[in-house]
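>
2 protein chains.
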Amino acid sequence: MRTLPVPAQGLLALLCLFSFESVQAGKVLVLPVDGSHWLSMKILVEELSNRGHEMVVLVPETSILIKKSGKYSTKTYPVSFTHDDLAENLKEIQNSALEKAPKLTDIVVNFRNLLQFLTMQSKTCEGLLYNEPLMKSLREMGFDAMLTDPFLPCGTIIADSFSIPAVYFLRLIPCRLDEAAAQCPSPPSFMPRYSSGFTDKMTFPQRLVNTLLTVVEGFLCRSMYESADELASKYLQKETTYAELLGHGAVWLLRYDFAFEFPRPQMPNMVQIGGINCVKRAPLTKELEEFVNGSGEHGFVVFTLGSMVSQLPEAKAREFFEAFRQIPQRVLWRYTGPVPENAPKNVKLMKWLPQNDLLGHPKVRAFVTHGGSHGIYEGICNGVPMVMLPLFGDQGDNAQRLVSRGVAESLTIYDVTSEKLLVALKKVINDKSYKEKMMKLSAIHRDRPIEPLDLAVFWTEFVMRHKGAEHLRPAAHDLNWIQYHSLDVIGFLLLILLTVIFVTVKSCMFCFRKCFKKSQKKKKA
Amino acid sequence: MRTLPVPAQGLLALLCLFSFESVQAGKVLVLPVDGSHWLSMKILVEELSNRGHEMVVLVPETSILIKKSGKYSTKTYPVSFTHDDLAENLKEIQNSALEKAPKLTDIVVNFRNLLQFLTMQSKTCEGLLYNEPLMKSLREMGFDAMLTDPFLPCGTIIADSFSIPAVYFLRLIPCRLDEAAAQCPSPPSFMPRYSSGFTDKMTFPQRLVNTLLTVVEGFLCRSMYESADELASKYLQKETTYAELLGHGAVWLLRYDFAFEFPRPQMPNMVQIGGINCVKRAPLTKELEEFVNGSGEHGFVVFTLGSMVSQLPEAKAREFFEAFRQIPQRVLWRYTGPVPENAPKNVKLMKWLPQNDLLGHPKVRAFVTHGGSHGIYEGICNGVPMVMLPLFGDQGDNAQRLVSRGVAESLTIYDVTSEKLLVALKKVINDKSYKEKMMKLSAIHRDRPIEPLDLAVFWTEFVMRHKGAEHLRPAAHDLNWIQYHSLDVIGFLLLILLTVIFVTVKSCMFCFRKCFKKSQKKKKA
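Protein chains in written order, with our numbering: chain A, 1204 to 1728; chain B, 1204 to 1728.
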């Protein structure tokens, strides 16, 4: 294959110019989930705002990352928890991830924590829904669409109440409520369940466990969103469930693609926008540029545990310092915890670091990360092999996907040692296969007909233009579980079959008996 | 919603410019299916050629529509049938569609015809495969990809033999071999089967029939592609089936979208390019422009029965002439058959008509069509209500989809009368709901982030750049039918359950007997 002149490359792209319908400026109500979830949704909100749409973001009075901005307007609503409550909650989650092995008891504790969190959020949602003046003013604004993260149910309930189409923006819902609500098939025979640790190629025992997990998921979903079901039925004054409401969503903007996720069935209203957060690299500050350039041929390593975790217990931190002391690379670490006296000189600690800009630098050699979906997409996008230390949520699954592709090593943070870290770091830096496979993955990820942000913008605007996306709604929504799987049809066919067999056998026996009696009579005669 | 200034609309589209990877010129081997199938594939072949790729089209010596062209090179291969054989075959199909009602015997006859056709094609394919000099020269050209219509198996077999990735271009394979090979779920509870006449909303009896049809499909597929299975195993010298080979295809370019088809699950390597044939309208010739403009406020009707049928038996034709005489619209009819003496003056007969240019004319009121997938997409694209006269193949299903959307009326051609035609024509022209619904459908169809042709080009080039699309291949390919549906897991779980119940019952009975004996002994004592 020979390279075409550059103008020819633009030809196809220029055709795009004519493919967008006349764009209209609309009003979008945005109800995000706080924390890292907001970081990528914000990119879409700001882009829609740049394109002339009026974006109104609902912000809880006590928020972590959702802030006011000149790019969108905000409406604040009171919540029943304080910043201290939030910090306490975060610390608990962090500690349980850092200190303990994921034993069965911990899973129960984690689930209880999640339930508590969701029940608390449900109360917050109730406060918002019954905030009559706010809701009245919002209703009167006449929004064209609701943009929401369906991990929490409030946006979906408001969309139903306002009779406006909902656009969902998410990575996933842990109990797979998203796929169930979208009527998306997800056979347990090759789609590993949340936190199972399996890949898409499973042995019989793994498939057995995966099938059982599928059953458990159903119960989990019911418990997790029980309060949401009750709130929705009460507020909307109709017998409904959160899953049913979710199923009316117009479009699902999903923060993954098949460079990262295992290939799986999709529904027509599912749109993949994985890598939406991987923007173009900006130049580093002079200080940072000097530091990373000073690393010489060995290059440097980027280390963060995400937006929520910037500290480590002293003993744990020591293991990291010790490992970093023994590598020739320089290390940039987002860390605000206590620093030992003899901290190695090749490590630079920062309160915050420009992660994507660093990962895009030609001298970067590895990315040590907790495996949040934003970070890993920045890693994939820039082609950087990773050492992963999953903490909670989908991070374990994310790590496992990249490990199965041979582009990362994964360690458990509760028992990490400097030796283990060193082995993993040396592997991903010195074994060239990690970098090669990562470059291939990166090339596949970046080779797409349209950028994820443009796609997200297009579909949000599509929903506004056509007041939903009814033509993408499968008729499966009208079927119950038995009908969907044709169990009633199969039952009916079995019944016919059994009846035919029964009648045939009976007839045969009847004939046989008749003949037998006759021959006996004859004999007697 | 207010309209944005036009420059803002271009912003998003211009971003497309940067989304295409550096394009390389490659070599693509093309093995089309002759007839109307070729018409849209040709568009992609020409576009790829325009972009600098070397396109080599394999053309049977006796071909209907595949011709030499300056835009691509051709290699001709001998076949065992003549133009007369083809004409005879066509006439038979045409007659059976025009003259007889689709009774059960006809279905058997049609299936026998199809089998004969496929067996004949399989022989043609064998001739091509064992044409050593041609195959050797092709192999030596070092193609990057194979573009083929998988309705016939030859392209897929050659792709496997040459070890090059295959890109499929199709509307569907009648027995749903395409979905089976792509591992795409298609629940019979809401996905109507080929020629069933059902929509995606079925009653219990309809679902029952649809389920039975699903079983029949399996047998049909096996019969239809039995000769292909044998040929593939023999030529590739390995035990294989056509379905298995098909499953290794890189990308499926599917000529439908959800403005037309019922929403359904999709696999990651399925790309929708419905409407790829609906190019921009060119101006009409002076003569045609005068004729259609002379129709005044009433406008005109376009009537064709596709590229393969330009004649009708005299009695049948008379019904059409009589119906057209009674409408105020002018009619443009692609017809080369006998003309009655008193043919109405509002009808203009033509050997060939510029269908898309006419359908894009503002004065067009209705489109009378056989319901081929090319014609209906030109109808949808231009927003023209239709009267449909399905003849064979997928045309019945196509008609039924548009009727269910309220944008068309469907008639059976074997018993069509001027009265029935008149009623249908008046309905779609005078009842405004047809036009309104069609305009909505058209708006949805045309509102897409990227044009179908660009998408087809992108994915063909993607496959060339990355030597396939392995990351889109689901792990389901490694499972057999029992494993895919987890029947082994369910069986194992049932076995455990039954064992537990059995042991429990036995233990209880044992205890009960022990206790009972004791109490009896006591009584006796």
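Heads up, the beta-carbon is just placed ideally off N, CA and C, and yes, glycines get one too.
These numbers were taken from a predicted model, which means no experiment stands behind them.
#1: Can you pull the chain A neighbours of residue 1677 of chain B, defined as C-beta to C-beta under 7 Å?
#2: Please state the DSSP three-state secondary structure of residue 1719 of chain A.
#3: Identify which residue in A/1686, A/1273, A/1470 has its Cα closest to the Cα of residue 1457 of chain A.
#4: With a cut-off of 8 Å, does the C-beta of residue 1404 of chain B fall near any C-beta of chain A?
#5: Looking at C-alpha atoms only, which residue of A/1502, A/1504, A/1540 is the closest neighbour of residue 1514 of chain A?
#6: In the DSSP output, which residue or residues are listed as bridge partners for residue 1551 of chain A?
#7: Under DSSP, the beta strand (DSSP E) around residue 1568 of chain A begins and ends at which residues?
#8: For residue 1689 of chain B, return the contacting residues in chain A, with the cut-off set at a CB-CB distance below 8 Å.
#9: If you reduce the DSSP assignment to three classes, tell me which class residue 1506 of chain B lands in.
#10: With a threshold of 8 Å between beta carbons, is residue 1657 of chain B in contact with chain A?
#11: With a 10 Å radius around its C-beta and 16 neighbouring C-beta atoms as the bar for buried, classify residue 1549 of chain A as buried or exposed.
#12: So residue 1449 of chain B contacts chain A; which residues on that side make the cut at Cβ distance below 8 Å?
#13: Pull up the distance between the alpha-carbon of residue 1518 of chain A and that of residue 1281 of chain A, whole angstroms please.
#14: Using 8 Å as the limit for Cβ to Cβ distance, is residue 1681 of chain B near chain A?
#15: Give a yes or no on whether 8 Å exceeds the smallest Cβ distance from residue 1344 of chain B to chain A.
#16: Based on the DSSP secondary-structure assignment, which residues constitute the bridge partners of residue 1351 of chain B?
#17: DSSP three-state label for residue 1392 of chain A, please.
#18: Within 10 angstroms of the Cβ of residue 1427 of chain B, are there 16 or more other Cβ atoms? Answer buried if so, exposed if not.
#19: Per the DSSP calculation, residue 1612 of chain B is bridged to which residue(s)?
#20: Measure the alpha-carbon distance for residue 1667 of chain A versus residue 1686 of chain A and round it to whole angstroms.
#21: Closer than 8 Å, CB to CB, is residue 1169 of chain B near chain A or not?
#22: Taking residue 1692 of chain A as the query, report the chain B residues whose CB atoms sit under 7 Å from its CB, ordered along the chain.
#23: Hey, how far is the Cα of residue 1679 of chain A from the Cα of residue 1386 of chain A?
#24: Tell me, please, whether the segment 1278–1295 of chain A touches the segment 1256–1267 of chain A by the rule of three or more beta-carbon pairs shorter than 8 Å.
#25: Helix, strand or coil for residue 1580 of chain B, going by three-state DSSP, please let me know.
#26: Going along chain B in order, which residues have a C-beta closer than 8 Å to the C-beta of residue 1686 of chain A?
#27: Rounded to the nearest angstrom, what separates residue 1521 of chain A and residue 1556 of chain A at their Cα positions?
#28: Assuming the contact rule is C-beta atoms closer than 8 Å, residue 1453 of chain A and residue 1369 of chain A should be a hit. Round their C-beta distance to whole Å, please.
#29: Taking residue 1249 of chain B as the reference, give the member of B/1340, B/1467, B/1659, B/1718 with the closest Cα.
#30: If you run the structure through DSSP and keep just helix, strand and coil, what is residue 1262 of chain A?
#31: 8 Å is my cut-off, CB to CB: does residue 1462 of chain B come that close to chain A?
#32: Classify residue 1228 of chain B as helix, strand or coil using the three-state DSSP reduction.
#33: Who are the neighbours of residue 1286 of chain A on chain B, taking C-beta pairs under 8 Å?
#34: So, helix, strand or coil for residue 1440 of chain B, using DSSP?
#35: Which chain B residues are close to residue 1661 of chain A, counting only those with a beta carbon under 7 Å from its beta carbon?
#36: Restricting to Cα atoms, I'd like to know which of B/1397, B/1722, B/1472 is closest to residue 1420 of chain B.
Quick look at the numbers:
#1: As a first step, residue 1677 of chain B is located in the second sequence; it is residue number 474 there, counting from the start. Result: 1393, 1466, 1467.
#2: Translated into the one-based positions of the first sequence, residue 1719 of chain A becomes position 516. DSSP places residue 1719 of chain A in helix when its eight states are reduced to three.
#3: Your numbering for residue 1457 of chain A matches position 254 in the first sequence. With distances taken between Cα atoms, residue 1457 of chain A lies closest to A/1470.
#4: Taking the second sequence and counting its residues from 1, one reaches residue 1404 of chain B at position 201. Judged by the 8 Å Cβ criterion, residue 1404 of chain B is in contact with chain A.
#5: If you number the first sequence from 1, residue 1514 of chain A lands on position 311. Per the Cα distances, A/1540.
#6: Here residue 1551 of chain A refers to the residue found at position 348 when the first sequence is read from its first residue. Residue 1551 of chain A pairs with A/1535.
#7: Translated into the one-based positions of the first sequence, residue 1568 of chain A becomes position 365. Note, residue 1568 of chain A: beta strand (DSSP E), 1567–1572.
#8: Residue 1689 of chain B sits at position 486 when you count from the first residue of the second sequence. Those are 1390, 1391, 1392, 1410, 1414, listed as they occur along chain A.
#9: Indexing the second sequence from 1 puts residue 1506 of chain B at position 303. DSSP places residue 1506 of chain B in strand when its eight states are reduced to three.
#10: Position 454 of the second sequence, counting from 1, holds the residue named residue 1657 of chain B. Residue 1657 of chain B counts as touching chain A.
#11: Here residue 1549 of chain A corresponds to residue number 346 of the first sequence, with the count starting at 1. Counting Cβ neighbours within 10 Å, residue 1549 of chain A comes out buried, since at least 16 surround it.
#12: Residue numbering aside, residue 1449 of chain B sits at position 246 when the second sequence is read from its first letter. Correct list: empty, because the minimum Cβ distance to chain A is about 17 Å.
#13: As a first step, residue 1518 of chain A must be located in the first sequence, where it is residue number 315. As a first step, residue 1281 of chain A must be located in the first sequence, where it is residue number 78. If I take the Cα positions, the gap works out to 39 Å.
#14: Within the second sequence, residue 1681 of chain B is the residue found at index 478, counting from 1. The beta-carbon of residue 1681 of chain B is placed less than 8 Å from the nearest beta-carbon of chain A.
#15: The residue labelled residue 1344 of chain B in the question sits at position 141 within the second sequence. No, residue 1344 of chain B lies away from the interface with chain A (no Cβ there is under 8 Å from its Cβ).
#16: On the second sequence, residue 1351 of chain B is found 148 positions in, with the first residue counted as 1. For residue 1351 of chain B, which the question treats as bridged, DSSP gives the partners B/1234, B/1371.
#17: Numbered from 1 along the first sequence, position 189 holds the residue referred to as residue 1392 of chain A. Three-state result, residue 1392 of chain A: coil.
#18: Mapped onto the second sequence, residue 1427 of chain B falls at position 224. It counts as buried.
#19: By 1-based counting over the second sequence, the position of residue 1612 of chain B is 409. For residue 1612 of chain B, which the question treats as bridged, DSSP gives the partners B/1590.
#20: As a working mapping, residue 1667 of chain A is identified with position 464 in the first sequence. As a working mapping, residue 1686 of chain A is identified with position 483 in the first sequence. So the two alpha carbons sit approximately 33 Å from each other.
#21: Shown here, chain B extends from 1204 to 1728; a query on residue 1169 of chain B therefore has no answer.
#22: Counting from one through the first sequence, the residue named residue 1692 of chain A turns up at place 489. Here the neighbours are 1410, 1411, 1414.
#23: Stepping through the first sequence from its first residue, residue 1679 of chain A is reached at position 476. Stepping through the first sequence from its first residue, residue 1386 of chain A is reached at position 183. Going from the Cα of residue 1679 of chain A to the Cα of residue 1386 of chain A covers about 7 Å.
#24: yes
#25: As a working note, residue 1580 of chain B is residue 377 in the second sequence. Of the three classes helix, strand and coil, the one that applies to residue 1580 of chain B here is helix, per DSSP.
#26: Residue 1686 of chain A sits at position 483 when you count from the first residue of the first sequence. Near residue 1686 of chain A (Cβ distances below 8 Å), the residues of chain B are 1392, 1410.
#27: Residue mapping note: residue 1521 of chain A aligns to position 318 of the first sequence, counting from 1. Residue mapping note: residue 1556 of chain A aligns to position 353 of the first sequence, counting from 1. One alpha carbon belongs to residue 1521 of chain A, the other to residue 1556 of chain A, and they sit about 21 Å apart.
#28: Within the first sequence, the letter at position 250 stands for residue 1453 of chain A. Within the first sequence, the letter at position 166 stands for residue 1369 of chain A. Rounded to the nearest angstrom, the Cβ distance from residue 1453 of chain A to residue 1369 of chain A is 6 Å, consistent with a contact under 8 Å.
#29: Mapped onto the second sequence, residue 1249 of chain B falls at position 46. Checked all of B/1340, B/1467, B/1659, B/1718; the closest Cα to residue 1249 of chain B is B/1659.
#30: Residue mapping note: residue 1262 of chain A aligns to position 59 of the first sequence, counting from 1. Looking at residue 1262 of chain A - three-state DSSP - the assignment turns out to be strand.
#31: In the second sequence, counting from the first residue as 1, residue 1462 of chain B sits at position 259. Flagged as an interface residue toward chain A: residue 1462 of chain B, by a C-beta distance shorter than 8 Å.
#32: Numbered from its first residue, the second sequence carries residue 1228 of chain B at position 25. Here residue 1228 of chain B sits in strand by DSSP.
#33: As a position in the first sequence, residue 1286 of chain A is number 83, starting the count at 1. Under the 8 Å cutoff, chain B gives no residues; its nearest Cβ is about 38 Å from residue 1286 of chain A.
#34: Taking the first residue of the second sequence as 1, we reach residue 1440 of chain B at position 237. In the structure shown, residue 1440 of chain B sits in coil (DSSP, three-state: anything other than H, G, I, E or B).
#35: In the first sequence, residue 1661 of chain A corresponds to position 458, counting from 1. Those are 1652, listed as they occur along chain B.
#36: One-based indexing of the second sequence puts residue 1420 of chain B at position 217. Ranking B/1397, B/1722, B/1472 by Cα distance to residue 1420 of chain B puts B/1397 first.
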